[in-house]
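In my numbering, the protein residues as written are 178 to 898.
Cβ coordinates follow ideal geometry from the N, Cα and C atoms, glycine included.
First the structure, in the form of structure tokens, and then the observations on it.
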């Protein structure tokens with residue numbers, strides 16, 4: 178951009194460059210005094226900023242106008258470290274006008290001709306590699322799971338609902354990767370060693386210094402002729418023929434697997450695979466959260482810029498298909514409706530009187546009291562149901578199918594009922610609190626998070642209280658209630674398995690027996706009560722909580738049931754099509770639009786809360802509760818974590834000293850300080866970048882005001898010569 182100095186250019190005086198140049202007439206150019214530039218809005222704004230900052234003398238004596246504040250030189254390309262000047266980056270990447278980009282391209286081509294053959298080959302190779310990578314990336318985008326379906330949903334129902342289905346796709350991929358990890362490092366070596374494949378063998382080491390009665394574990398498999406409904410019960414509860422399979426923790430009793438001369442430490446691999454899938458989930462969620470946070474930050478930075486981007490730059494001119502164009506048009510229309518709805522609510526909040534504010538705040542306090550009462554009732558019901566189920570499950574005869582099924586599934590049924598009723602109550606109460614759609618989703622999600630995730634915590638607390646309860650000396654010798662739970666890890670795995678299956682059954686049953694009959698009644702019945710109820714809205718908060726709840730169960734249960742991620746993958750894959758069919762045929766979109774930029778980020782934050790809460794029961798199980806002495810890979814250790822110190826003792830002395838030094842306080846404290854310094858540096862760097870962006874935006878605004886000011890002066894000069 179050309180600068181506007183104190184002295185006029187000989188051939189002509191202009192403001193801007195390229196297509197944005199504004200030429201002044203000859204009489205104005207000849208008569209333009211130096212003081213005229215001091216009247217520019219940008220120059221006066223700069224003087225006010227300097228006065229407010231306490232600035233002294235100006236650095237330059239001659240006034241230079243808006244362009245003088247930016248510099249008299251044109252914004253040229255920055256030199257590249259390896260490109261040797263303007264040939265380092267293509268001309269289209271520079272913020273220049275078309276004419277200047279053409280001149281820069283000519284300079285680059287001339288520079289390439291003068292460069293050596295090595296540089297020319299290096300540049301052509303780089304361009305070819307970049308082109309190949311772009312083509313591969315474009316090809317992989319066509320292989321993306323549910324790509325067409327999600328684009329179609331975005332066009333028909335908006336980006337808010339599309340964000341839910343994208344979130345569901347992310348969980349399908351995450352669970353599939355976790356399944357591959359657990360199957361490769363835990364299940365596959367056990368199967369290979371058990372059946373002697375590839376000339377392999379296994380070793381079982383009995384636990385030392387343990388009473389013999391603590392090592393007795395006989396899975397309740399089906400023996401002899403059984404009724405068909407027994408298999409159905411076992412399939413739903415994880416008992417019977419499933420209890421002794423690789424689905425649960427009790428199957429993995431191998432201490433070491435030998436593949437030829439290689440020894441595979443299965444207990445260590447089991448523990449490291451658990452840490453690996455938790456770390457993978459954490460890093461992947463943080464990565465996606467950071468991307469969503471950047472989009473959310475850009476969106477909330479300037480609302481006017483968001484409108485301009487959608488109106489003037491939101492259309493994709495590469496679209497040639499009429500259906501794709503229609504979907505893109507609907508998506509942009511939905512985004513604009515969301516913006517206008519948020520602006521309307523902001524104006525409504527700003528116009529509230531003191532009396533209205535007092536009424537709303539009092540109502541919100543009363544509703545929060547009701548929410549706390551609902552949460553307390555849910556927690557107490559789950560605790561009582563779990564204790565009753567554990568105390569009476571063995572007293573019911575196996576021949577009484579209905580009673581056995583009811584007692585075994587009582588905790589799962591109460592949890593599922595609480596998860597179904599409590600969100601409905603919260604969704605009804607939130608309507609009276611008068612929040613914006615985005616904040617309404619967040620608050621409802623947070624309340625439902627406490628219901629669903631805390632329900633799992635109450636269930637595990639109830640189980641562990643029963644597992645750790647020892648009233649006899651024999652029980653204390655084992656370290657846990659071996660009579661009721663000879664393999665307590667498998668019992669916890671069965672509870673997580675039942676929760677996973679029941680959650681899927683409820684989702685399927687609601688769609689088949691609630692949504693579809695309601696759709697038929699609304700379509701074919703003209704009764705006023707039926708038409709008043711209408712179709713149910715597709716509640717994003719409820720649906721997100723369903724899959725976050727299921728994913729938290731998967732994270733906790735994978736340690737006790739290594740193949741649970743495979744079940745979760747199949748479950749979410751089927752749920753995608755169930756929700757899609759339900760959305761298209763049996764539900765209606767929300768009356769108030771919802772923005773996807775904030776929803777994507779907040780969905781991942783809720784998922785991150787579920788992951789952090791999953792760390793707590795897993796950490797207690799691994800490090801605190803004694804491991805079962807009758808089953809599992811850790812039966813020779815006091816706790817699951819004890820395999821790590823035992824493995825470290827087998828390392829060379831030098832490596833042991835290094836590991837002990839890394840885990841000591843002498844290393845942890847300086848490492849923590851360095852991490853804090855790095856974090857503060859990036860925070861300061863982000864603040865500096867934000868200030869630069871704000872200055873550049875202000876500069877663009879000042880430039881537009883300068884042009885309007887000059888055009889107004891030119892018009893006045895032409896009217897009054």
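| field | For residue 352, the first and last residue of its enclosing beta strand (DSSP E) | value | Counting from 1 along the chain shown, the entry for residue 352 is found at position 175. Residue 352 -> not in any beta strand (DSSP E); alpha helix (DSSP H) instead, spanning 336-359.
| query | With residue 764 and residue 715 assumed to form a contact (beta carbons below 8 Å), what rounded beta-carbon distance in angstroms separates them? | reply | One-based indexing of the chain shown puts residue 764 at position 587. One-based indexing of the chain shown puts residue 715 at position 538. Right, the Cβ-Cβ distance comes to about 4 Å (below 8 Å), so this counts as a contact.
| query | How should residue 624 be labelled, buried or exposed, when 16 other C-beta atoms within 10 angstroms of its C-beta is the threshold for buried? | reply | Counting from one through the chain shown, the residue named residue 624 turns up at place 447. By the neighbour-count rule (16 or more Cβ atoms within 10 Å), residue 624 is buried.
| Per DSSP, which one or two residues make a beta bridge with residue 713? | Looking up residue 713 in the chain shown gives position 536. Paired residue(s): 764.
| field | residue 701 - containing alpha helix (DSSP H), residue span | value | Translated into the one-based positions of the chain shown, residue 701 becomes position 524. Here the alpha helix (DSSP H) through residue 701 covers 693-701.
| task | For residue 794, count neighbouring C-beta atoms within 10 Å of its own C-beta (all shown protein chains included) and say buried if the count is 16 or more, exposed if not. | result | The count along the chain shown starts at 1 and reaches residue 794 at position 617. Buried, since its Cβ has 16 or more Cβ neighbours within 10 Å.
| Cβ neighbours of residue 668 in the same chain (closer than 6 Å, five flanking residues each side left out) | Translated into the one-based positions of the chain shown, residue 668 becomes position 491. 662, listed in sequence order.
| said: Taking a contact to mean a Cβ-Cβ separation below 7 Å, would you say residue 443 touches residue 739 in this structure? | reply: For the purposes of this step, residue 443 is identified with residue 266 of the chain shown, where counting begins at 1. For the purposes of this step, residue 739 is identified with residue 562 of the chain shown, where counting begins at 1. No; because the gap between Cβ atoms is not below 7 Å, this pair is not in contact.
| request: In angstroms with no decimal places, state the Cα-to-Cα distance between residue 712 and residue 691. | output: In the chain shown, the residue the question calls residue 712 occupies position 535. In the chain shown, the residue the question calls residue 691 occupies position 514. Rounded to whole angstroms, residue 712 to residue 691 spans 11 Å at the Cα level.
| task | Label residue 547 either buried or exposed according to how many other C-beta atoms from any shown protein chain fall within 10 Å of its C-beta, with 16 as the threshold for buried. | result | In the chain shown, residue 547 corresponds to position 370, counting from 1. Residue 547 is exposed by the Cβ-count criterion.
| query | If we count the other Cβ atoms within 10 Å of its Cβ and call it buried at 16 or more, is residue 372 buried or exposed? | reply | Position 195 of the chain shown, counted from the start, is the residue given in the question as residue 372. Exposed is the call here.
| field | For residue 596 and residue 726, believed in contact at Cβ under 8 Å, the rounded distance | value | As a first step, residue 726 is located in the chain shown; it is residue number 549 there, counting from the start. As a first step, residue 596 is located in the chain shown; it is residue number 419 there, counting from the start. Confirmed, Cβ separation roughly 7 Å.
| query | Leaving out five residues before and five after residue 749 in sequence, what residues of the same chain have Cβ atoms less than 7 Å from its Cβ? | reply | The residue labelled residue 749 in the question sits at position 572 within the chain shown. Correct list, in chain order: 345, 348, 349, 352, 724.
| Contacting residues, own chain, Cβ-Cβ under 7 Å from residue 781 (five flanking each side not counted) | Counted from its first residue, the chain shown places residue 781 at position 604. Excluding positions up to five away in sequence, the list reads 462, 465, 466, 469.
| query | What is the residue span of the alpha helix (DSSP H) that residue 682 lies within? | reply | Reading the chain shown from its first residue, position 505 is the one you call residue 682. Per DSSP, residue 682 belongs to the alpha helix (DSSP H) from 665-687.
| said: To the nearest angstrom, how far is the alpha carbon of residue 552 from that of residue 630? | reply: Counting from 1 along the chain shown, the entry for residue 552 is found at position 375. Counting from 1 along the chain shown, the entry for residue 630 is found at position 453. Their backbone Cα atoms lie some 11 Å apart in a straight line.
| Local conformation of residue 753 per DSSP, three classes | Translated into positions along the chain shown, residue 753 becomes position 576. Looking at residue 753 - three-state DSSP - the assignment turns out to be helix.
| request: Check whether the stretch 826-842 touches the stretch 852-862, counting contact only when three or more Cβ pairs, one atom from each stretch, lie closer than 8 Å. | output: no
| If you pair each beta-carbon of the stretch 525-544 with each one of the stretch 626-640, do three or more pairs fall below 8 Å? | no
| Cβ separation of residue 639 and residue 564, assumed to be a contact under 8 Å, to the nearest whole Å | In the chain shown, the residue the question calls residue 639 occupies position 462. In the chain shown, the residue the question calls residue 564 occupies position 387. About 6 Å separates the two Cβ atoms, so the contact holds.
| said: Taking the straight line between their C-alpha atoms, what separation do you get for residue 254 and residue 270? | reply: In the chain shown, residue 254 corresponds to position 77, counting from 1. In the chain shown, residue 270 corresponds to position 93, counting from 1. Legend: pLDDT at residue 254 = 42, less than 50; position of this residue unreliable, value from coordinates given subsequently. Going by the C-alpha atoms only, they are around 9 Å apart.
| Start-end ranges of the alpha helix (DSSP H) lying completely within the stretch 779-831, minimum 4 residues | 820-825
| Any contact of the stretch 506-525 with the stretch 332-340, i.e. 3+ C-beta pairs under 8 Å? | yes
| Are at least three pairs of beta-carbons, each pair with one atom in the stretch 783-790 and one in the stretch 405-419, less than 8 Å apart? | no
| task | Work out the CA separation of residue 866 and residue 859 for me, nearest whole Å. | result | As a first step, residue 859 is located in the chain shown; it is residue number 682 there, counting from the start. As a first step, residue 866 is located in the chain shown; it is residue number 689 there, counting from the start. Spanning the two alpha carbons is a distance of roughly 10 Å.
| task | Write down the C-beta distance between residue 735 and residue 454 rounded to the nearest angstrom, noting that I regard them as a contact closer than 8 Å. | result | If you number the chain shown from 1, residue 735 lands on position 558. If you number the chain shown from 1, residue 454 lands on position 277. Contact holds; Cβ gap of about 6 Å.
| said: Looking only at its chain, what residues have a beta carbon closer than 6 Å to the beta carbon of residue 589, apart from the 5 residues adjacent to it on each side? | reply: Within the chain shown, the letter at position 412 stands for residue 589. Same-chain partners within the cutoff: 675, 676, 679.
| query | Within the chosen definition, does the stretch 794-808 reach the stretch 743-762 through at least 3 CB pairs nearer than 8 Å? | reply | no
| At least 3 beta-carbon pairs within less than 8 Å: the stretch 634-653 vs the stretch 554-563 | yes
| Considering residue 298, what are the terminal residues of the alpha helix (DSSP H) in which it resides? | In the chain shown, the residue the question calls residue 298 occupies position 121. From DSSP, the alpha helix (DSSP H) with residue 298 extends over 294-319.
| request: Pick helix, strand or coil for residue 249, following the three-state DSSP scheme. | output: Indexing the chain shown from 1 puts residue 249 at position 72. Its pLDDT being 34, under 50, residue 249 is placed unreliably by the model, and the measurement read from it follows with that caveat. In this structure, residue 249 counts as coil in the three-state DSSP scheme.
| query | CB residue 664 to CB residue 566, shorter than 7 Å? | reply | Taking the first residue of the chain shown as 1, we reach residue 664 at position 487. Taking the first residue of the chain shown as 1, we reach residue 566 at position 389. Result no, Cβ atoms of residue 664 and residue 566 do not sit closer than 7 Å.
| residue 698 versus residue 612: straight-line alpha-carbon distance, rounded | Start at 1 with the first residue of the chain shown, and residue 698 comes out as number 521. Start at 1 with the first residue of the chain shown, and residue 612 comes out as number 435. Residue 698 and residue 612: Cα-Cα distance of roughly 32 Å.
| said: Check for me: the alpha helix (DSSP H) holding residue 894 runs from which residue to which? | reply: Your numbering for residue 894 matches position 717 in the chain shown. First-last of the alpha helix (DSSP H) with residue 894: 842-896.
| query | Using the beta-carbon count (16 or more within 10 Å), is residue 393 buried or exposed? | reply | Taking the first residue of the chain shown as position 1, residue 393 is located at position 216. Residue 393 comes out exposed.
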